[in-house]
Structures are given as C-alpha cells and as structure tokens.
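Engineer: Numbering (mature numbering (1 follows the signal peptide of the UniProt record, and there is no 0)), first residue to last: -24 to -1, 1 to 119.
Where a beta carbon is used, it is the ideal one built from N, C-alpha and C, also for glycine.
The structure's right below; bear with me while I get my questions together.
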C-alpha cells in the first residue's frame, strides 16, 4: 500500500507540476503565471480557482515551491509608497500573496512581483492558512 501512495504522489507531481512536498501538504496554492490563476486545494480537493495578477514586464514573480514565511492581516509596502497589502502571506522575502482593489487588472500581469487577488479571496485564503498552519501549506508558482 505504501508503494501505491508513493506512485500516486509521483504521478500527481508529474501531472500537476508540483513537488511531492506540495502534494503532502494539507493546503496548496498553485499559481500559474501563464494563465494568471491561483488554484487552492485542501487535502487534494480543488476548492477555488481565482484570477490573479503577477509580475508585469520588467519584474518577476519567483517560480518554485514555498512555505508561508510570515502573515499580516494588513501590511503597507515601504518599498512602494506605503501601498496597502491586505491579508498578506509572504512566501519569499518581500514577495507575497495579498488582496488588491485593482480588480480590473486581475487576469493579466500587473504587479511588481507579488501575487494579487480580490481582497475577499485573499481573506479566505489567509483564514485557510491560519486554520491549517503555515507549516502545512505550500505555495507553488509555475509558468
């Protein structure tokens, strides 16, 4: 039985482009930069697919698999003129998933590298991460 689980996890990794570490997590947010979407899975079941905005030309959204490093109900970017970043979940240095009011730009690259989504969706994801814990959450950014 253990072998079947390993094979299933490897198959999922190949099929969905996520690492075994991510497939073992309780909560996985998969950000697809090419489609500008974020799919949220809990225990392997898709709960949400949301439109996002990632880095516009001249900036990057880092690819890879991450754990949330820190969370802030409200954060203000010192680097970008104290811009509000509600429900911020930082996953690599200054890169975060967070809410935005610039909802007309969702679905196309528009940020300085963060992953932006509608503020109610950011609040929902933030609550889910708090519920399962950052250690049991993976953020996977792919092309």
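Between which two residues does the beta strand (DSSP E) harbouring residue 21 extend?
Structural biologist: Walking along the chain shown from the start, residue 21 turns up at place 45. 21 to 27 is the extent of the beta strand (DSSP E) around residue 21.
Engineer: I need the straight-line Cα distance from residue 122 to residue 82, nearest angstrom please.
Structural biologist: A query on residue 122 cannot be resolved here, the shown segment of the chain reaching from -24 to 119 and no further.
Engineer: Check this for me: beta carbons of residue 64 and residue 48, under 9 Å apart or not?
Structural biologist: Indexing the chain shown from 1 puts residue 64 at position 88. Indexing the chain shown from 1 puts residue 48 at position 72. Going by C-beta atoms, residue 64 is nearer than 9 Å to residue 48.
Engineer: For the candidate residues 3, 8, 7, 12, whose alpha-carbon lies nearest to that of residue 86?
Structural biologist: Indexing the chain shown from 1 puts residue 86 at position 110. Nearest C-alpha to residue 86: 12.
Engineer: Would you give the residue range spanned by the beta strand (DSSP E) that residue 71 belongs to?
Structural biologist: Counted from its first residue, the chain shown places residue 71 at position 95. Residues 71 to 76.
Engineer: Examine chain B for any beta-carbon lying closer than 9 Å to the beta-carbon of residue 64, and answer yes or no.
Structural biologist: As a matter of chain content, chain B is missing from the structure shown, which is built from one protein chain.
Engineer: Just the C-alpha distance for residue 69 and residue 105, rounded to the nearest angstrom, thanks.
Structural biologist: Position 93 of the chain shown holds residue 69. Position 129 of the chain shown holds residue 105. Approximately 18 Å between the Cα atoms of the pair.
Engineer: For residue 39, count neighbouring C-beta atoms within 10 Å of its own C-beta (all shown protein chains included) and say buried if the count is 16 or more, exposed if not.
Structural biologist: If you number the chain shown from 1, residue 39 lands on position 63. It counts as exposed.
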